[in-house]
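**Q** So the number in the numbering used here is just where the residue sits in the sequence shown, counting from 1, plus 326.
C-beta atoms are modelled at their ideal positions from N, C-alpha and C, and glycine is treated no differently.
Please find one structure pasted underneath; my questions will follow.
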Amino acid sequence: MKLGDQTVEKVESISSGSIGLDIALGVNGYPKGRVIEIYGPESSGKTTLTLHAIAECQKAGGIAAFIDAEHAFDRFYAEKLGVDLGELVISQPDNGEQALEIADNLIRSGAVDALVIDSVAALTPKSEIEGEMGDSKMGLHARLMSQALRKLTASISKTNCTVFFINQLREKIGVMFGNPETTTGGNALKFYASVRIDIRRSTQLKDTEGGVLGNKTRIKIVKNKVAPPFKTAEFDIMYGEGISKIGEILDIGVEKDIIEKSGSWFSYGGSKLGQGRDSVKSILKDNPELMEELEQKILEELKSD
């Protein structure tokens, strides 16, 4: 087969559920038929990000699967984020080998469009589970990941399935200079992943009484094989509702001069929307038509960029 015989197509993608992240990824979402690694500290929004991707995949008519190796899937939270639980394929495997075997079978079947593995750190090798506490199993986890990725990559590309690996951070001992942080499961995933996303909380979002409502989250595209890397995105992740679309429309609208900001006042089309970010967010929430209009203007502006 000659490459010239094939028609060149744009990279297909699954929306991330965030306008800012779609822009940062460069192809309007997560590329199809690729491996995506999402890593960050605890409670930074890694699973939230994948649940939004599942919801967007289902909205587009696709089938999504979730391999819950951590055995911590919250069905109520997933439902609030827009995931159709009736259509979601979920598995809670007993060990790492079983989890990756299930993943392999699902990908090879060609029946799933998106697959989430939560998380790499929880893919415990069978021999470690059956062994004694305190037994040393050097490099076992890394070997398991390396073998699995060698097997999976060809099927992922052929079936056009987007595979998300959620990963945790660890610290290397004795690192005096540079970043001591590293991800679990060896180096194989770093090589095989087409996109690597670093997600971290930046500031807490509080109400007038000081109660925490959510977090401002910062994302960096550490590696990207389908578009220029090192782009960043910032959005609010609200407890119980996930990525705040209203907050994003407001922030990007101000950035693109669609919404005017003077001091703490926000105005659009010559009329004032309100004072303070939180009050304007609640005004937009009560006016879905205005929010839709702003979203369309933002998308048109981004297409022309």
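1. Can you tell me which of the three DSSP states residue 368 falls into?
2. Look up residue 518 in the DSSP assignment and say whether it is helix, strand or coil.
3. Check residue 340 in the structure and name its three-state DSSP category.
4. What are the partner residues of residue 403, as DSSP defines its beta bridges?
5. Might you give, ordered along the chain, the residues of its own chain that have their beta carbon closer than 8 Å to the beta carbon of residue 562, omitting 5 neighbours on each side?
6. Measuring only the C-alpha atoms, how far is residue 612 from residue 472?
7. Going by DSSP in three states, residue 580 sits in which element: helix, strand or coil?
8. Give me the Cβ distance between residue 487 and residue 441, rounded to the nearest whole Å; I'm assuming they're in contact under 8 Å.
9. In chain order, what residues of the same chain have a beta carbon less than 6 Å from the beta carbon of residue 422, not counting five sequence neighbours either side?
10. Would you give the residue range spanned by the beta strand (DSSP E) that residue 623 belongs to?
11. Need the endpoints of the beta strand (DSSP E) that residue 432 sits in, please.
12. Say yes only if the C-beta of residue 552 is nearer than 7 Å to one or more non-hydrogen atoms of the ligand NAD, and no if none qualify.
13. Find the nearest neighbour of residue 619 within the set 605, 588, 576 and 581, judged by alpha-carbon distance.
14. Look at residue 419 and residue 433 and say whether their C-beta atoms are less than 8 Å apart.
15. If we require 3 or more residues per run, which beta strand (DSSP E) segments fall completely within the segment 535 to 577?
16. Taking contact to mean 3 or more Cβ pairs, one atom from each stretch, closer than 8 Å, check whether the segment 591 to 607 and the segment 370 to 387 are in contact.
17. Do residue 403 and residue 524 come within 8 Å of each other at the CB atom, strictly closer than that value?
18. Within this structure, are the beta carbons of residue 518 and residue 361 separated by less than 8 Å?
19. Where does the unbroken alpha helix (DSSP H) through residue 472 begin, and where does it stop?
20. With DSSP collapsed to three states, give me the class of residue 489.
21. Go through its chain and collect everything with a Cβ distance to residue 566's Cβ below 8 Å, but skip five positions before and after it.
22. Would residue 503 be called buried (16 or more neighbouring beta carbons within 10 Å of its own) or exposed?
23. The alpha helix (DSSP H) that contains residue 347, what's its start and end?
24. Alpha carbon to alpha carbon, how far is residue 494 from residue 348?
25. Take the Cβ of residue 501 as the centre, count every other Cβ of all protein chains shown within 10 Å, and call the residue buried at 16 or more, exposed below.
26. Please confirm if residue 340 has its CB atom under 8 Å from at least one CB of chain B.
27. Just how far apart, CA to CA, sit residue 614 and residue 587?
**A** Checking against the coordinates, here is how it stands:
1. Within the sequence shown, the letter at position 42 stands for residue 368. In this structure, residue 368 counts as coil in the three-state DSSP scheme.
2. Residue mapping note: residue 518 aligns to position 192 of the sequence shown, counting from 1. The answer is helix: DSSP assigns residue 518 an H, G or I state.
3. In the sequence shown, counting from the first residue as 1, residue 340 sits at position 14. In this structure, residue 340 counts as strand in the three-state DSSP scheme.
4. Along the sequence shown, read from residue 1 onward, the residue named residue 403 stands at position 77. Its beta-bridge partners do not exist; DSSP assigns none.
5. Here residue 562 refers to the residue found at position 236 when the sequence shown is read from its first residue. Within the same chain, residue 562 has close Cβ partners 531, 540, 541, 542, 543, 569, 570, 573 and 574.
6. Translated into positions along the sequence shown, residue 612 becomes position 286. Translated into positions along the sequence shown, residue 472 becomes position 146. Whole-angstrom Cα-Cα distance: 50 Å.
7. Stepping through the sequence shown from its first residue, residue 580 is reached at position 254. Residue 580 sits in a helix when the DSSP states are folded into three classes.
8. Residue numbering aside, residue 487 sits at position 161 when the sequence shown is read from its first letter. Residue numbering aside, residue 441 sits at position 115 when the sequence shown is read from its first letter. Rounded, the Cβ-Cβ distance is 6 Å, consistent with contact.
9. Looking up residue 422 in the sequence shown gives position 96. Correct list, in chain order: 449, 450, 451 and 470.
10. As a working mapping, residue 623 is identified with position 297 in the sequence shown. Element bounds for residue 623: not the beta strand (DSSP E) but the alpha helix (DSSP H), 614 to 630.
11. On the sequence shown, position 106 is the one that residue 432 refers to. Per DSSP, residue 432 belongs to no beta strand (DSSP E); it is in the alpha helix (DSSP H), 422 to 435.
12. What this structure holds is no ligand at all, so the ligand NAD is not there to describe.
13. In the sequence shown, the residue the question calls residue 619 occupies position 293. The shortest C-alpha separation from residue 619 is found at 576.
14. By one-based count along the sequence shown, residue 419 stands at place 93. By one-based count along the sequence shown, residue 433 stands at place 107. No, these two residues do not count as a Cβ contact at 8 Å.
15. 538 to 550 and 558 to 564
16. no
17. For the purposes of this step, residue 524 is taken as the residue at position 198 of the sequence shown. For the purposes of this step, residue 403 is taken as the residue at position 77 of the sequence shown. No, the pair does not count as a contact, with Cβ atoms beyond the cut-off.
18. Counting from 1 along the sequence shown, the entry for residue 518 is found at position 192. Counting from 1 along the sequence shown, the entry for residue 361 is found at position 35. Against a cut-off of 8 Å, the Cβ pair of residue 361 and residue 518 comes out as a contact.
19. Numbered from 1 along the sequence shown, position 146 holds the residue referred to as residue 472. Where residue 472 is concerned, the enclosing alpha helix (DSSP H) starts and stops at 466 to 485.
20. Residue mapping note: residue 489 aligns to position 163 of the sequence shown, counting from 1. Assignment of residue 489 by DSSP, reduced to helix, strand and coil, places it in the strand class.
21. For the purposes of this step, residue 566 is taken as residue 240 along the sequence shown, with counting starting at 1. Counting only Cβ-Cβ distances below 8 Å, and skipping sequence neighbours, we find 403 and 406.
22. Position 177 of the sequence shown holds residue 503. Residue 503 should be labelled exposed.
23. Sequence index remark: in the sequence shown, residue 347 carries index 21 (1-based). Looking at the DSSP string, the run of the alpha helix (DSSP H) that includes residue 347 is 345 to 351.
24. What you label residue 494 is simply residue 168 of the sequence shown in a count that begins at 1. What you label residue 348 is simply residue 22 of the sequence shown in a count that begins at 1. Cα to Cα, the separation comes out at about 23 Å.
25. Residue 501 sits at position 175 when you count from the first residue of the sequence shown. Result: exposed.
26. This model lacks chain B altogether, as it is built from one protein chain only.
27. As a working mapping, residue 614 is identified with position 288 in the sequence shown. As a working mapping, residue 587 is identified with position 261 in the sequence shown. If I take the Cα positions, the gap works out to 21 Å.
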